[in-house]
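Asker: With mature numbering (1 follows the signal peptide of the UniProt record, and there is no 0) as the guide, the letters of the sequence shown map in order to residues -33 to -1, 1 to 554. All residues carry an ideal CB built from backbone N, CA and C; glycine is no exception. Predicted model only: the values in this text are computed from it and were never measured.
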Amino acid sequence: MDRTMRGARFRPFGWLTALLIAMLLAPAAATLAQDATPGASPAASPAGSPVALGETIQSPTRDQLRGEIDAELGYTEAARQGGTFIDAGISDIQTLNPLLSEEVQTSTVMGLIYDSLIGGDPRTGQPAPLGLADSWEIAPDRVTYTFHLNQAAKFHDGVDVTAEDVVFSMDALADEATGSTYTGTFNSAVTSYRAVDADTVELVASEPLASFLYDIFAIYIVPKHIWGTVPFDQWKTHPASTGQDTSMVIGSGPFKFQEWRQGESVTLVRNDDFYGKVPYIDGYSLRIWPDQQQVVNALLNDELDVAALEPADVSAIEGTEGIVVTDYSTQGFTYIEFNLDPAVTTLFQDARVRQALFYAMDREAIVNDILLGYGEVAQGTQPVISYAYAPDQITTQYTFDQERARQLLTEAGWTDTNGDGTVDREGQEMAFEYLYPSGSPTSDQIVAYLQDAWGQVGVEMTPRALEFPALIEATTTTPTFAVAHYGFTWDASFIQDAMFGCDQYQVGFNDMRYCNPQLDEIHNAARREFDEERRAQLLIEASNIVNEEVPVIVTHFSQDIVAYNDRLQNYTPGPWGVELTYVWIQE
């Protein structure tokens, strides 16, 4: 039930892959959500069919789509109800306010408590009427969207969910004072919105956009009667967001909030009054372990049901009776971001420096020797499962080449003038701190490798591991970092403006303060382009620009490894997530 707009950060290893509940991070490659045969029965009009302007587009209904999904995934009726689904994490959630979440683990938990306007198809991630909206229409003008809300939806305190709550939630998302990283994308896509009546909401797009339903993914519905008296600029630090006052954690999702023991666990219980599929299980518990080894031990000791594995964990887990191990390519990548703000550091203003660091890395060795083959060396920025994945069309291939790295540093004016082994320029040494998430042996190995590899070309890097919330704080709220290491997972529009757009600093994921107006134009053209092949070519062009200018180094495309107890039934891990409401626990 995680509906993250455009994408979300994740810790590169040891992050919560277990659920990603029906993530709205993607549609099927060729189908950007508004596509459906106009005037046809929704059941007979799969998304992706070509459409003509001037006709109304009708989405499938919840019931129609639900039947297709249940049949294809082979969900079985529960032989028993009850039990608690125990999940694992090595960092805590950030917040209890769903509009303030900006990384996957928090979004996963919030997506169980709160509803979003739109749901996601668990087979493809395609926008689907599985959220608060039972269906929607797109008007002939291609900018007016009308959403019909489920009339049985209630908040956990028994109050009806209405269009006014949806409008209020959009007010919060649209206001930069709220501090949401999705504000920029939302405001660029949405011109206006209103409550037509108690159960109907109308949104007007800024122009006909193929990406529109992705642009509004992050509209989690918060109750106006709970949050309406709190000024938006106080939401981030309000006790209800930080966990000091949990009485305001009232959603309308399939699980109710019970407890957050910070640094230890988050506990949810089943919402028996949920308007959709009431969960088979009694509750969900996210338990926090201090490091990956303790997660592995807990899995082997039958203390949890599911865990994300690191590559080195597989040999210890695989073959264990009662545990299933699976892996799959994802819509994510692991990357290194550079702070390009000259007020913070001038080390990386010259693209040749960033390119040099790229050439100085043996990414084949990282994938083969550290990741043990669980991943793919990235060429460009479009992940393996993207419809715009085209490694052979990436013009610059950063193969391991230390001499090229040294040459680029010299061209940029960085040489070792005093013979101490570190290059310098105008009295300043090429030395910086490298921030990365703590708790992951795999990340530790990669960072140690980078420290050595960059040192061999005269660059001094000092690693500093931070708890994940502290890392986000260091790169967003108080962005005085030089270099940082993250993972990121994209929605399947695979339009990457949320990270690389000029206007996405602080209201998006552009920690780097990178700006290229030409790239913005290409991304905007991709958002408007309804033809998948033409859109893919635009995204490949954008990928080449980022790859050449290197505001980030994409080290590799992600492959997730998940281990779970075989007593879990209807549990189908994959890049688009799991519907926890259908999971049941066999005795």
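1) Threshold first: 4 residues or longer. Then list the alpha helix (DSSP H) segments lying entirely within the stretch 305 to 363, N to C.
2) Just verifying my parser: in three-state terms, what is the DSSP assignment at residue 87?
3) What is the residue span of the alpha helix (DSSP H) that residue 477 lies within?
4) Quick check on DSSP: helix, strand or coil for residue 251?
5) Who are the Cβ neighbours of residue 511 in its own chain at under 8 Å, not counting the five residues just before and after it?
6) Would you list the one or two residues that DSSP bridges to residue 429?
7) Report the rounded CA-to-CA distance for residue 378 versus residue 452, giving the unit in angstroms.
8) Of all the alpha helix (DSSP H) runs that stay within the bounds of the stretch 141 to 196, which reach a length of 4 or more residues?
9) Let me check understanding here. Comparing Cα to Cα, which of 50, 448, 38 lies closest to residue 236?
10) Select from 527, 224, 340, 55 the residue whose C-alpha is nearest the C-alpha of residue 297.
11) Which class does residue 405 belong to by DSSP, given the choice of helix, strand or coil?
12) The alpha helix (DSSP H) that contains residue 377, what's its start and end?
13) Rounding to the nearest angstrom, what Cα-Cα distance links residue 555 and residue 39 in this structure?
14) Are there three or more Cβ pairs, one per stretch, closer than 8 Å when the stretch 494 to 501 is compared with the stretch 272 to 291?
15) Indicate the three-state DSSP secondary structure (helix, strand or coil) for residue 259 in the structure shown.
16) Using 8 Å as the cut-off, can you tell me whether the stretch 86 to 102 makes contact with the stretch 286 to 293, which would need three or more C-beta pairs spanning the two stretches below that distance?
17) Three or more C-beta pairs closer than 8 Å, one from the stretch 131 to 139 and one from the stretch 255 to 262: is that the case here?
18) My output table needs one value for residue 96: the three-state DSSP class, helix, strand or coil.
19) Residue 302 and residue 455 look like a contact to me (Cβ under 8 Å); what is the Cβ gap, rounded to whole Å?
20) Determine the closest residue to residue 580 out of 497, 373, 521, 473, with distance taken between C-alpha atoms.
21) Please classify residue 321 as buried or exposed, where buried requires at least 16 other C-beta atoms within 10 Å of its C-beta.
22) Could you please give the first and the last residue of the uninterrupted beta strand (DSSP E) stretch that includes residue 494?
23) Does the stretch 201 to 208 come close enough to the stretch 142 to 152 to have 3 or more Cβ pairs within less than 8 Å?
24) State the DSSP-derived secondary structure class of residue 423, mapped to helix, strand or coil.
25) In the DSSP output, which residue or residues are listed as bridge partners for residue 226?
26) Jot down the residue ranges of each uninterrupted alpha helix (DSSP H) in the stretch 520 to 548, minimum 4 residues, whole runs only, in chain order.
27) Once DSSP output is grouped into helix, strand and coil, what is the label at residue 118?
28) Put residue 366 into one of helix, strand or coil per three-state DSSP.
29) Taking Cβ positions, are residue 449 and residue 314 nearer each other than 8 Å?
30) Report yes or no: do the stretch 221 to 232 and the stretch 49 to 64 share at least 3 C-beta pairs separated by less than 8 Å?
31) Looking at the strands, I want to know which residues DSSP matches up with residue 25.
32) Taking residue 140 and residue 185 to be in contact with their CB atoms under 8 Å, please state how far apart those CB atoms are, rounded to whole angstroms.
33) Flag this pair as yes or no: are the beta carbons of residue 523 and residue 342 separated by less than 8 Å?
34) Note the first and the last residue of the continuous alpha helix (DSSP H) segment covering residue 512.
35) What does the Cβ neighbour count give for residue 533, buried or exposed, with the cut at 16 atoms within 10 Å?
36) Indicate the three-state DSSP secondary structure (helix, strand or coil) for residue 449 in the structure shown.
Answerer: In terms of the structure at hand:
1) 318 to 326
2) Here residue 87 corresponds to residue number 120 of the sequence shown, with the count starting at 1. Residue 87: strand per DSSP, three-state reduction.
3) Numbered from 1 along the sequence shown, position 510 holds the residue referred to as residue 477. Premise fails: residue 477 is in no alpha helix (DSSP H) and is neither H nor E.
4) As a working note, residue 251 is residue 284 in the sequence shown. Three-state DSSP puts residue 251 in a strand.
5) The sequence position of residue 511 within the sequence shown is 544, counting from 1. These residues qualify, in order along the chain: 347, 360, 361, 362, 363.
6) Within the sequence shown, numbered from 1, the residue matching residue 429 stands at position 462. Answer is 400, bridged to residue 429.
7) Within the sequence shown, the letter at position 411 stands for residue 378. Within the sequence shown, the letter at position 485 stands for residue 452. Straight-line Cα distance between these residues: approximately 26 Å.
8) 150 to 156, 179 to 182, 191 to 194
9) Taking the first residue of the sequence shown as 1, we reach residue 236 at position 269. Out of 50, 448, 38, 50 has the C-alpha closest to the C-alpha of residue 236.
10) Translated into the one-based positions of the sequence shown, residue 297 becomes position 330. With distances taken between Cα atoms, residue 297 lies closest to 527.
11) Mapped onto the sequence shown, residue 405 falls at position 438. Coil.
12) Within the sequence shown, numbered from 1, the residue matching residue 377 stands at position 410. Note, residue 377: alpha helix (DSSP H), 369 to 378.
13) Outside the shown range of the chain (-33 to 554) lies residue 555, about which nothing can therefore be said.
14) no
15) Within the sequence shown, the letter at position 292 stands for residue 259. Reduced to three states, the DSSP call for residue 259 is helix.
16) no
17) no
18) On the sequence shown, residue 96 is found 129 positions in, with the first residue counted as 1. Residue state, collapsed to three classes: coil.
19) In the sequence shown, residue 302 corresponds to position 335, counting from 1. In the sequence shown, residue 455 corresponds to position 488, counting from 1. Residue 302 to residue 455, Cβ: 6 Å. Contact.
20) Residue 580 lies beyond the stretch modelled for the chain, which goes from -33 to 554, so this question has no answer here.
21) Here residue 321 refers to the residue found at position 354 of the sequence shown. Under this definition residue 321 is a buried residue.
22) Mapped onto the sequence shown, residue 494 falls at position 527. Not the beta strand (DSSP E): residue 494 falls in the alpha helix (DSSP H), residues 484 to 495.
23) yes
24) Numbered from 1 along the sequence shown, position 456 holds the residue referred to as residue 423. Looking at residue 423 - three-state DSSP - the assignment turns out to be coil, as it is neither helix nor strand.
25) Residue mapping note: residue 226 aligns to position 259 of the sequence shown, counting from 1. Beta-bridge pairing links residue 226 to 234.
26) none
27) Counted from its first residue, the sequence shown places residue 118 at position 151. It is coil, neither helix nor strand.
28) As a working mapping, residue 366 is identified with position 399 in the sequence shown. Reduced to three states, the DSSP call for residue 366 is coil.
29) To locate residue 449, count along the sequence shown from 1; it is residue 482. To locate residue 314, count along the sequence shown from 1; it is residue 347. Cβ distance < 8 Å, so residue 449 and residue 314 count as in contact.
30) yes
31) The residue you call residue 25 lines up with position 58 of the sequence shown. 104.
32) By 1-based counting over the sequence shown, the position of residue 140 is 173. By 1-based counting over the sequence shown, the position of residue 185 is 218. With 8 Å as the limit, residue 140 and residue 185 qualify as a contact, their Cβ atoms being about 6 Å apart.
33) Counting from one through the sequence shown, the residue named residue 523 turns up at place 556. Counting from one through the sequence shown, the residue named residue 342 turns up at place 375. Yes, these two residues count as a Cβ contact at 8 Å.
34) For the purposes of this step, residue 512 is identified with residue 545 of the sequence shown, where counting begins at 1. Start and end: 499 to 516.
35) Position 566 of the sequence shown, counted from the first residue, corresponds to residue 533. With fewer than 16 Cβ atoms within 10 Å of its Cβ, residue 533 is classed as exposed.
36) The count along the sequence shown starts at 1 and reaches residue 449 at position 482. Coil at residue 449, not helix or strand.
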